[in-house]
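The sequence shown stops at residue 308 when you use our numbering, and every number in between is there. The beta carbon of each residue, even a glycine, is placed where N, CA and C say it ideally should be.
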Amino acid sequence: MSQANRQNFAHPRYWPVWVAIGAMYLAAWLPWRLKLWIGKLIGLAAWRFARRRRHITETNLRLCFPELDDDQQARLVRETFIANGIGIMETATGWCRDPEHLRHRVTFKGQEHMARVQAEGKGALVIGVHFSTLDLGGALHSLFFPADVVYRPHDNPLFERFMTRARKRIFGTAIDRHDLRGVVRRIKAGHHVWYSPDQDFGRDVSVFAPFFGIEAASIKLTAKIARMTGAPVMPLMFHRNPDNRTYTLEYLPPLENFPSGDEVADAARINAFIEGAIRKHPEQYLWLHRRFKTRPEGEPGLY
Numbered sequence: 006m007s008q009a010n011r012q013n014f015a016h017p018r019y020w021p022v023w024v025a026i027g028a029m030y031l032a033a034w035l036p037w038r039l040k041l042w043i044g045k046l047i048g049l050a051a052w053r054f055a056r057r058r059r060h061i062t063e064t065n066l067r068l069c070f071p072e073l074d075d076d077q078q079a080r081l082v083r084e085t086f087i088a089n090g091i092g093i094m095e096t097a098t099g100w101c102r103d104p105e106h107l108r109h110r111v112t113f114k115g116q117e118h119m120a121r122v123q124a125e126g127k128g129a130l131v132i133g134v135h136f137s138t139l140d141l142g143g144a145l146h147s148l149f150f151p152a153d154v155v156y157r158p159h160d161n162p163l164f165e166r167f168m169t170r171a172r173k174r175i176f177g178t179a180i181d182r183h184d185l186r187g188v189v190r191r192i193k194a195g196h197h198v199w200y201s202p203d204q205d206f207g208r209d210v211s212v213f214a215p216f217f218g219i220e221a222a223s224i225k226l227t228a229k230i231a232r233m234t235g236a237p238v239m240p241l242m243f244h245r246n247p248d249n250r251t252y253t254l255e256y257l258p259p260l261e262n263f264p265s266g267d268e269v270a271d272a273a274r275i276n277a278f279i280e281g282a283i284r285k286h287p288e289q290y291l292w293l294h295r296r297f298k299t300r301p302e303g304e305p306g307l308y
């Protein structure tokens, strides 16, 4: 980093960010039980005071799980905030510590599917999901297979620098989500690229496809990358186990006949995988974001 940047990041406006980064380093080295306890407190505090995020979460869960009664939905909202609070501690651990110390905590299933692709010398598009365990899952994945990652740059330049350095330590290359050429280039060079296509990035890059029975703006890029590279699309599920001490990562077989040439059908197929993964552990998903913010023409907003 240049002297100019060091002076810039020393400005008082960055002091809260430095405190946050220091807190993440500290959190990464805490005993496991203490991490869980602090994460739960963070989640409960957000559940009580982050009213806008709670409203978004309540709306998402009401739409996606209409079969639950009011008490069950309220319980799932609370559990979601707790899981995502613990996720902050997991992210700190994934970013700031060598994942090797967690090898004994992870069970990896379906390795043969990725090993087969790797033996053929092919690049692959690895489909992940925005669970609270996302960044720790990436760190644990790196224990078994190398991969690059597609990510959204952070708006704060200091935190962006910290986050990118952490992810580059875990992954081979951190690729800006707008850099399609970079993704294609890495896959064609034989690399595996971890990519999460389960957020709403707006009408211009999406088609509407069902997600939990609701028409959701679903990005077209997954099928486009597969078409441009000829790479297999590898669904990956990962979650924290009910004991809150261990994790499971599981590869499914590569999607067959993908892409099909039908953008809506391809998006629906990706959504179906994501929905299936979420239903196994719904509280661990990032329901705090507005998954259904973009609506078909003429439909009112949901939030």
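A Cβ-Cβ separation of about 28 Å leaves L148 out of contact with E84 under the 8 Å criterion. With respect to the 8 Å criterion, R182 and V212 are not classified as neighbours on the basis of their beta carbons. Separation of A236 and A179 (C-alpha to C-alpha, rounded to the nearest whole angstrom) is 19 Å. For H196, the secondary structure class from DSSP, reduced to helix, strand or coil, is coil.
For A236, the secondary structure class from DSSP, reduced to helix, strand or coil, is coil.
Between M233 and G266, the alpha-carbon positions lie close to 12 Å from each other.
By alpha-carbon distance to G177, the top candidate from P151, G195, G48, F164 is P151.
In the three-state scheme derived from DSSP, where H, G and I count as helix and E and B as strand, P104 is classed as helix. According to the DSSP assignment, T253 belongs to no alpha helix (DSSP H) but to the beta strand (DSSP E) extending over 252-256. In this structure, A214 and S201 do not form a Cβ contact; the two beta carbons are roughly 16 Å apart against a cut-off of 8 Å. Looking at the DSSP output, I219 bridges to F216.
When DSSP states are grouped into helix, strand and coil, K40 belongs to the helix group. DSSP places D140 in the uninterrupted alpha helix (DSSP H) bounded by 139-146. By the CB criterion at 8 Å, N65 and R296 fall inside the cutoff.
In the three-state reduction of the DSSP assignment, Y30 falls in the helix class, which pools H, G and I.
Between the segment 100-117 and the segment 46-65, the count of C-beta pairs closer than 8 Å stays below three; the two stretches do not touch. Distance from the CA of H244 to the CA of G306, rounded to the nearest whole angstrom, comes to 31 Å. Between the alpha carbons of K45 and A194 lies a distance of about 42 Å. A distance below 7 Å between beta-carbons, with the five flanking residues on each side excluded, links V210 to the following residues of its chain, in chain order: I224, K225, L226. With distances taken between CA atoms, W37 lies nearest to E95 out of D76, E95, P301. Around the beta-carbon of V24, fewer than 16 other beta-carbon atoms lie within 10 Å, marking it exposed.
When the beta-carbon positions are compared, G99 and D160 stay at least 8 Å from each other. Per DSSP, the unbroken alpha helix (DSSP H) holding D271 starts and ends at 268-285. Fully enclosed beta strand (DSSP E) runs of no fewer than 3 residues are not present anywhere in the segment 37-85.
The three-state secondary structure of D209, taken from DSSP, is helix. Three or more Cβ pairs closer than 8 Å define a contact, and the segment 247-262 meets that threshold against the segment 110-126.
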